[in-house]
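Presented below is the structure to which this report refers.
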Amino acid sequence: MKRKNNWWKEGVVYQIYPRSFKDTTGNGLGDLQGVIEKLDYIKSLGVNMIWICPIYESPNRDNGYDISDYKKISDAFGGNETFERLVSEMHKRDLKIIMDLVVNHTSDEHPWFKQAKTSKKNEYYDYYIWRKGKNSGPPNNWQSVFSGDAWSYNLSTNEYYLHLFTKNQPDLNWENPKVRSQVYGIIDFWLSKGVDGLRMDVISLISKRNSFSDVPEKMSFAQVMEKVYANGPKIHKYLKEMNSKILKKYDVVTVGEGPGINLACGPKYVAENEKELNMIFHFDHLTIDFGPNGKYDPVTYDFIKFKEIFSQWDKALENNGWNSIFLGNHDFSRIVSRFGNDKIYREESAKLLITLLMTLRGTPYIYQGDEIGMTNISHPSIDDYNDVESLNAWEAAKKNGANMKEFLKAIHWQSRDNARTPMQWTDKKNAGFTTGNPWIKLNKNYKEINVENSEKDKNSILNYYRQMISFRKKYPCLVYGSFKDLLPEHDKLFFYERIFNQEQFLIIHNFSNSYTRWKNENSQYVKIKSNYKSSSQEELSPWESRIYKLE
Ligand code: GLC
């Protein structure tokens, strides 16, 4: 099948976590006026799209992923009026806006749930998923993604409701056509206001397996996600319906978040002929360091496997569908801390990682702060953490008698708060993020790592990001060209070719702290880009990236 060219394939996305981006009111929380003030900065990176995490009315039990009014922008962020100004200021600059759509669940303070829980006869009762308890406990043994039972008891209905996340995030019942039609109405509401795309939160989870059978004891959480929670029997029916009823009326981009999708079932979500989504985020490479007990049981990751995941997904979507290329977001550690070296090779490895992101096939996503090489935090006490996932995991570990000193290390390594510390603009008070008390602790390294310093240094990570983004945009080969790993078994080097018509590139990255032997054997290829100023013919320096072009 001939691949279609699209604006969203050729663009680059910048992701904003608004509460940590820029505060303009002094209340310690980022806001949309802050985003407006930084639009010229974002534009200067060369990106074309901004995905903004949820900004709707919310009690914020999960920082906006628990919505209590889908059609209202939270006043804390500036309300609907500021939002409309944001859209217009973005469009003036030729920037597209992608909103987060969170419709697997609502907040328990959403009027639908407040009604639903009052009685089985209420017209909203069937908007959610209810079951009778079993042996004076929940209906089955399902566990929430954020620890503890996935069911909570409700007295008025004498039943349990399902919540795959916190108990304040009841799952919607997509079997109910009224729920689906409400969701399409919400989509229409925002798209008709000029929104250019949607990132669909945990969209792979919306169709449930209604037998609600117990999960076998031996299944790992990753398997449970894949086989029990995600990819339910009606998922493709719902996505096709959403597309035909509403999305196809607009020229917008959609990207689904796909926990539990895999190489076998993932491609169908984005196959062009299936008319469901444009792109999906799979997590094969971002769960690569999860140990037998999941995220907070981290293990050293296997680099050969890491490369294999990129090759396999590229192959799976080669002729039908499109990939999303990302290494982190608001749910994972900082990319330079996780896949690079945030100590002595912070600059080099951050530059390597953006070279990787800009030279793979698919649409690249950059997360705020990565462009200046922001790093993980390691607070001395759990009390300094805010993320509900980390806090619940902490309580569960304590209950299970875990070694809490060791567990704190796992929190340092994996907590979502690593990516949620305020954006570091300057070396002044609170890194220029707020004049008030920040909602979450800053990373202490802001005195050194900040946008202002990076602007002054022409060799900064920030300026290298700008160069790499514009480099990608110059060559259609880097967007559409074929991809082949040329050294799949090498345990330090990632070496691949990209080919598109007459354009051909060879790209090599040294994912290690050591000098590694490697020689370009093909003199027709000329080195045109590197994150090092000078380099040897015989070896690659630590975390060196090079791009060679066929001349
Ligand atoms: C997604 C979001 C995450 C949120 C969860 C529940 O994974 O990215 O931040 O906590 O869904 O909505």
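Numbering-wise, my numbering comes out as the position in the sequence shown, counting from 1, plus 30.
All C-beta atoms in this analysis are idealised placements derived from N, C-alpha and C, irrespective of residue type, glycine included.
Query	Result
Buried versus exposed call for residue 287 [16 or more other C-beta atoms within 10 Å across all chains shown]	buried
Alpha-carbon to alpha-carbon, residue 203 and residue 209	7 Å
Buried or exposed by the 16-neighbour rule on C-beta atoms within 10 Å, applied to residue 31	Residue confidence for residue 31 is low, a pLDDT of 45 falling below 50, so the modelled location carries little weight and cannot support an answer.
Stretch pair the stretch 74-90 + the stretch 490-499: three plus CB contacts closer than 8 Å	yes
From 68, 62 and 72, residue whose alpha carbon lies closest to that of residue 86	62
Classification of residue 249 by the beta-carbon crowding that lies within 10 angstroms, buried from 16 upward	exposed
Entirely enclosed beta strand (DSSP E) segments - the stretch 98-149, minimum 3 residues	99-103 and 126-131
Length of the line joining the Cα atoms of residue 46 and residue 193	26 Å
The ligand GLC heavy atom lying under 7 Å from the CB of residue 95	yes
Nearest-angstrom Cβ-Cβ length linking residue 56 and residue 464, presumed shorter than 8 Å	6 Å
First and last residue of the uninterrupted alpha helix (DSSP H) at residue 388	376-388
Residue environment, residue 360, which counts as buried when at least 16 other CB atoms sit within 10 Å	buried
C-beta atoms of residue 69 and residue 123 nearer than 8 Å	yes
Where residue 422 sits in the DSSP three-state scheme	helix
Length of the line joining the Cα atoms of residue 356 and residue 142	35 Å
Helix, strand or coil at residue 31 [DSSP, three-state]	Because the pLDDT at residue 31 is just 45, under 50, the model does not fix this residue reliably, and the point stays unresolved.
Option in 401, 577, 353 and 444 with minimal Cα separation from residue 421	444
Residues near residue 379 in its chain [Cβ-Cβ closer than 7 Å; skip 5 each side]	366, 370, 371 and 573
Alpha-carbon to alpha-carbon, residue 480 and residue 486	11 Å
N-terminal and C-terminal residue of the beta strand (DSSP E) that residue 527 is part of	523-530
Length at least 3, wholly inside the stretch 392-474: the beta strand (DSSP E) runs in chain order	393-397
Range of the contiguous beta strand (DSSP E) that encloses residue 286	283-287
Simplified DSSP state of residue 201, which is helix, strand or coil	strand
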